[in-house]
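Engineer: Questions regarding the structure given below will be posed in turn.
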Ligand SMILES: [Zn+2]
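Numbering (this note's numbering), first residue to last: 15 to 204.
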């Protein structure tokens with residue numbers, strides 16, 4: 015049995031007009047799905063599948079928390095989430111995503127695996143910027159990180175005069191900088 019088999023929904027074999035599923039997406043789920051945005055979480059999902067005359071409507075109700083690294087100090091920040099999402103699935107000849115959450119799956123298979131879709135719904139709820147509430151950061155780590163970022167070559171050019179301005183906002187924007195992920199690797203190995 016594959017890791018994600020429990021998330022397979024047999025649409026073609028559906029006998030009733032409507033069917034309910036429940037999933038608990040835990041740390042193991044996030045570790046196995048191996049997505050970039052979320053590595054830890056505990057999310058309850060209720061899925062209702064409804065068969066209409068020409069398609070299947072999958073309504074997801076997600077509720078729980080995820081933990082993502084703080085942009086400022088890299089410690090985990092807890093983010094509550096609650097969201098409703100919908101997929102419409104049609105049977106056709108080949109697999110296709112047709113935008114606006116409309117998916118075509120091959121009729122001879124008649125099955126859709128919703129694991130990655132649920133992961134994406136969760137990832138979409140994560141704000142671009144995620145930091146601890148004021149005063150709750152790991153101060154030791156965030157000052158180390160600020161120092162590191164200030165020592166990088168581009169930063170050096172700016173710090174001729176008037177240096178030492180504390181700017182944690184700037185630090186947060188560096189989260190997407192490739193140097194940042196290198197640094198994260200170094201820190202993780204300690
Ligand atoms: Zn923090």
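We treat Cβ as the ideally placed atom computed from N, Cα and C, and that holds for glycine.
If you're wondering where the values come from, they're calculated on a predicted model, not measured in any experiment.
Report buried or exposed for residue 41, applying the criterion of at least 16 other Cβ atoms within 10 angstroms of its Cβ.
Structural biologist: The sequence position of residue 41 within the chain shown is 27, counting from 1. By the 10 Å Cβ count, residue 41 comes out exposed.
Engineer: If you pair each beta-carbon of the stretch 120 to 129 with each one of the stretch 18 to 25, do three or more pairs fall below 8 angstroms?
Structural biologist: Proximity of the stretch 120 to 129 to the stretch 18 to 25 meets the contact definition, three or more beta-carbon pairs being nearer than 8 angstroms.
Engineer: Whose C-alpha, out of 48, 161, 62 and 118, is nearest the C-alpha of residue 37?
Structural biologist: Taking the first residue of the chain shown as position 1, residue 37 is located at position 23. It is 62.
Engineer: Does the distance from the C-beta atom of residue 151 to that of residue 84 stay below 8 angstroms?
Structural biologist: As a first step, residue 151 is located in the chain shown; it is residue number 137 there, counting from the start. As a first step, residue 84 is located in the chain shown; it is residue number 70 there, counting from the start. Contact flag set, yes.
Engineer: Would you kindly check if the distance between the Cβ of residue 56 and the Cβ of residue 79 is under 8 angstroms?
Structural biologist: Within the chain shown, residue 79 is the residue found at index 65, counting from 1. Within the chain shown, residue 56 is the residue found at index 42, counting from 1. Against a cut-off of 8 angstroms, the Cβ pair of residue 56 and residue 79 comes out as a contact.
Engineer: Starting from residue 157, trace the alpha helix (DSSP H) both ways and give me its first and last residue.
Structural biologist: Working through the chain shown from its first residue, we reach residue 157 at position 143. Start and end: 153 to 165.
Engineer: Would you kindly work out how many angstroms separate the C-alpha atoms of residue 69 and residue 53, rounded to a whole number?
Structural biologist: Position 55 of the chain shown, counted from the start, is the residue given in the question as residue 69. Position 39 of the chain shown, counted from the start, is the residue given in the question as residue 53. Each residue's Cα considered, the two are about 33 angstroms apart.
Engineer: Taking only heavy atoms of ligand 1 into account, decide whether any of them is closer than 7 angstroms to the Cβ of residue 62.
Structural biologist: Along the chain shown, read from residue 1 onward, the residue named residue 62 stands at position 48. For ligand 1, not one heavy atom lies less than 7 angstroms from the Cβ of residue 62.
Engineer: In this structure, does DSSP put residue 140 in helix, strand or coil?
Structural biologist: As a working note, residue 140 is residue 126 in the chain shown. Residue 140 falls in the coil class under three-state DSSP.
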